[in-house]
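**Student:**
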Amino acid sequence: MASSLKNLSEYNADNIIDISDKRFAVVVAEWNDNVTTPLAQGAVDTLLKHGAKEENIVYTNVPGTFELSLGAQRFALRHDIDAVVCIGCVIQGETKHNDYINAAVASGLTDVSLKYDKPVVFGVLTPNTLEQALDRAGGKHGNKGDEAAITAIKMLGLY
Ligand code: DLZ
Numbered sequence: 001m002a003s004s005l006k007n008l009s010e011y012n013a014d015n016i017i018d019i020s021d022k023r024f025a026v027v028v029a030e031w032n033d034n035v036t037t038p039l040a041q042g043a044v045d046t047l048l049k050h051g052a053k054e055e056n057i058v059y060t061n062v063p064g065t066f067e068l069s070l071g072a073q074r075f076a077l078r079h080d081i082d083a084v085v086c087i088g089c090v091i092q093g094e095t096k097h098n099d100y101i102n103a104a105v106a107s108g109l110t111d112v113s114l115k116y117d118k119p120v121v122f123g124v125l126t127p128n129t130l131e132q133a134l135d136r137a138g139g140k141h142g143n144k145g146d147e148a149a150i151t152a153i154k155m156l157g158l159y
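Following this note's numbering, the numbering of the sequence shown begins with 1 at its first residue and continues without gaps.
#1: Thinking just about the alpha-carbon of each residue, which of P63, V124, Q41 is nearest to the one in A103?
#2: If you follow the beta strand (DSSP E) that Y59 is in, where does it begin and where does it stop?
#3: Using the Cβ count rule (16 or more neighbours within 10 Å means buried), how would you classify K34?
#4: Just curious, the beta strand (DSSP E) that L125 is in, first and last residue?
#5: Using a Cβ-Cβ cut-off of 8 Å, state whether S107 counts as contacting chain B.
#6: Alpha carbon to alpha carbon, what distance is there between Y116 and G51?
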């Protein structure tokens, strides 16, 4: 379903596990930080709302969405991290740069997740415009950061 038809902050909270002892890394791209900052805040707020402890959430920046894969890997390989939430925003430009970044990060995060057998969440917006991004970063379509955090929690339920 397209996210314009869904509020990204709404989710089914059934079967949400106890995450009070789970440790999270939140890796955030600096590019488009007017979008990624509220996305990351949404993710952290949602983790806290569901019982994560503040001291169990580490937060770091990487320059751009392309760098999320390596940033995620630095945390995924650590035994004291249970899940990694990655936040980025790639806005379509005049060239195909966005296509390459999006494809690379989708594949990179999948690889890291499978290699380290832990949730590595794709909290990346790929909008055509800044307005579409802001609509999904706490605007009229909710906050994809909330969705990313809930995804991490639900995936931890598999373990
Ligand atoms: C270069 C670039 C461009 C054009 N656009 C974005 C963007 O919209 N969002 C984003 O997160 N990063 C962008 N970048 C930077 C790349 O992600 C990466 O940091 C650089 O290509 C250096 O590897």
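The beta-carbon is built from N, C-alpha and C at its ideal position, and this holds for glycine as well.
The model shown is predicted, which means the values in this text are computed figures rather than measured ones.
**Tutor:** Quick answer:
#1: V124
#2: 57-62
#3: Sequence inspection shows Asn at residue 34; the Lys mentioned does not correspond to that position. Label assigned to N34: exposed.
#4: 120-125
#5: Any reference to chain B falls outside this structure, which holds one protein chain only.
#6: 24 Å
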